[in-house]
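Here is the structure we will look at, set down as structure tokens.
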Amino acid sequence: MAGKPRPWKPEDWPWLVVEGTGILNDNGLLPCNTMILGLPGENDMDVLATLDLVEQLRGYGCWLFPLLFVPMGRSMLEKEGFAYLRETFGPLHWELLLKCFEHDLRFSRKALDVLARRVRNPLARRMATSYINMGIEVIEKVRDEFVRDPYALLEKAARINVFSAGLRDLVSLARWGLQMAVAHVRRA
1 MAGKPRPWKP
11 EDWPWLVVEG
21 TGILNDNGLL
31 PCNTMILGLP
41 GENDMDVLAT
51 LDLVEQLRGY
61 GCWLFPLLFV
71 PMGRSMLEKE
81 GFAYLRETFG
91 PLHWELLLKC
101 FEHDLRFSRK
111 ALDVLARRVR
121 NPLARRMATS
131 YINMGIEVIE
141 KVRDEFVRDP
151 YALLEKAARI
161 NVFSAGLRDL
171 VSLARWGLQM
181 AVAHVRRA
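Numbering of the sequence shown is given in this note's numbering, commencing with residue 1 and proceeding in unit increments.
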């Protein structure tokens, strides 16, 4: 992937991301924009510039996915170490993650309204919208836990074994989903 970013320079990227996202939106596309955090040599000014970019994207239709740096084979950075949260992340990184989280939640609600209008069957539209809204509410609760203590949330998430879900876990999840659906219908 030599020359992948060409013909642009790093200082062109913020403009390019905003402009490209706008062009995609103008053509009915909703991009998933990724960013890499914890690159070797990254400093607070880099994170502040990324925070500024996230702010510039506020009115655009896109999802933002911050990813941790992972060294890839056959690249100039293959000998670098992985980015680890405890060693790499400072207060600005956590602020950036929260800004992305909030951007994604805000945009997901907006996108849901737009996408739901395309579902012609009113019952299917209502069911899908209710189900997705429940998911967004769960994500908002996760965001609240993240704000309180990101490390505790990560510790909790690390203990989840998605491959060992038994029947009891699935029944519990289904029961919880049903309770959320009933609560949502009562509010509506």
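Glycine included, every Cβ here is placed at the ideal spot set by N, Cα and C. Here the structure is a predicted model, which means the values were calculated and not measured.
- When DSSP states are grouped into helix, strand and coil, residue 121 belongs to the coil group.
- The segment 64–73 and the segment 21–31 do not touch, with fewer than three beta-carbon pairs separated by less than 8 Å.
- Per DSSP, the continuous beta strand (DSSP E) segment holding residue 65 begins and ends at 63–68.
- Membership of residue 36 in the beta strand (DSSP E) is indicated by the continuous run 32–37.
- The beta carbon of residue 38 sits closer than 6 Å to the beta carbons of 68, 69, 83 and 88 from its chain, once the five residues preceding and following it are set aside; these are given in chain order.
- For residue 92, the enclosing alpha helix (DSSP H) stretches over residues 91–116.
- When DSSP states are grouped into helix, strand and coil, residue 150 belongs to the helix group.
- Contact between residue 63 and residue 104 holds: CB atoms are separated by about 5 Å, below the 8 Å threshold.
- By the Cβ neighbour-count rule, residue 60 is buried, with 16 or more other Cβ atoms within 10 Å of its own.
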